[in-house]
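Inspection log for the structure reproduced underneath, given as structure tokens.
Number of protein chains: 2
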Amino acid sequence: MDEITILQAEVLKTLASPRRLEILHRLAEGPCEVSRLADDIAASQPNVSQHLAVLRSAGIVDAERDGREVRYRLTDPDVMVACALMRGVLQRRLERLGRLSATDQTAAQLVEIQ
Amino acid sequence: MDEITILQAEVLKTLASPRRLEILHRLAEGPCEVSRLADDIAASQPNVSQHLAVLRSAGIVDAERDGREVRYRLTDPDVMVACALMRGVLQRRLERLGRLSATDQTAAQLVEIQ
DNA sequence: GGCACTCATGCGCATCTGCGCATGTGTCGA
DNA sequence: TCGACACATGCGCAGATGCGCATGAGTGCC
């Protein structure tokens, strides 16, 4: 089995969590400390801390201590580019489904999900 | 929590498996039936069938019966585009690591992982 | 109909994951 | 040095996942 395939699967597994995606989207707006992140996505501090540890060990985010706080940021914007591309695919798929098999209002609803 | 985020996490979870990535890379070369797939990636037929069922229910692959065989194919090449993009990120990261912190031969080794 | 072939599915097991909770670690100010 | 604050980590449990294995379901040929 290809080594880079295994590596890719590990990165994908790291990304394959709604909470972690939420964290990443928040970090895409700029660096942020843990407690603020927990506040923004309505999760507990230990929970966010655990997810950040996972993201960090995968090399997706980076941490920097600032006094008592620890500020996290994305290490590589390209990962989010890939995510955005995938989001685009999903969005178009939703729109297509809406156009094909639903009433106008349901389609509008689906489009609005974004 | 954003609905499209949850959907995205589900798709990512579906992709986050070395075996399934292997299957997808094989299907990227063209449609293929189950037993041939199992042969190509050296896995059991039930195993491949299960993975294909997962990929299918996620809408990533499509099945078409042809006599006794069932031919699978990618439904949306864009998904593989996103995968390729991510692969590129990983590849560049490996190369960077090789250049920065290793001897020339180790770097060559890392690059060769492809 | 019977048989061979291709694929799908159900089952049991070992393993992993995410979460809440309590607690440990590091840092600052008094 | 002690307390308060921000964050990290360990633990236990419930739920999900992947695998091998045996078996069921659909199809074509005799």
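Residue numbers (our numbering), protein chains in the order written: chain A, 1 to 114; chain B, 1001 to 1114. C-beta atoms are modelled at their ideal positions from N, C-alpha and C, and glycine is treated no differently.
I'd like to check one pair, residue j with residue i: are the Cβ atoms closer than 9 Å?
| i | j | result |
| --- | --- | --- |
| Asp1078 of chain B | Leu85 of chain A | yes |
| Val1054 of chain B | Tyr1072 of chain B | no |
| Leu7 of chain A | Leu1090 of chain B | yes |
| Thr5 of chain A | Glu1022 of chain B | yes |
| Leu1052 of chain B | Leu1074 of chain B | no |
| Ala1009 of chain B | Ala16 of chain A | yes |
Kindly list, in the order they appear in chain A, the residues whose Cβ is closer than 7 Å to that of residue i.
| i | result |
| --- | --- |
| Pro1117 of chain B | In the structure as shown, chain B begins at 1001 and stops at 1114. Residue 1117 of chain B is therefore absent and cannot be evaluated. |
Can you pull the chain B neighbours of residue i, defined as C-beta to C-beta under 7 Å?
| i | result |
| --- | --- |
| Asp76 of chain A | Val1089 |
| Ala15 of chain A | The question names Ala, but residue 15 of chain A in the sequence shown is Leu. Within chain B, the residues near Leu15 of chain A are Leu1012. |
I'd like the span of the alpha helix (DSSP H) that includes residue i, first residue to last.
| i | result |
| --- | --- |
| Ile23 of chain A | 18 to 28 |
| Ile4 of chain A | 3 to 15 |
Please list, in chain order, the chain B residues whose beta carbon lies closer than 8 Å to that of residue i.
| i | result |
| --- | --- |
| Val79 of chain A | Met1086, Val1089 |
| Glu22 of chain A | Met1001, Asp1002, Thr1005 |
Which residues of chain A have a Cβ atom closer than 9 Å to the Cβ of residue i, listed in chain order?
| i | result |
| --- | --- |
| Glu1029 of chain B | Per Cβ cutoff of 9 Å: no residues; Glu1029 of chain B is ~14 Å from chain A at best. |
Residues of chain A with CB under 8 Å from residue i, in chain order?
| i | result |
| --- | --- |
| Ala1058 of chain B | The premise fails here: Ala1058 of chain B is roughly 11 Å from chain A at the closest Cβ pair, so nothing lies under 8 Å. |
In chain order, what are the residue ranges of uninterrupted alpha helix (DSSP H) at least 4 long that sit wholly in the region 43 to 75 of chain A? 45 to 57
Whether or not the region 31 to 46 of chain A and the region 1030 to 1043 of chain B are in contact is what I'm after, with contact meaning three or more pairs of Cβ atoms, one per stretch, closer than 8 Å; do they touch? no
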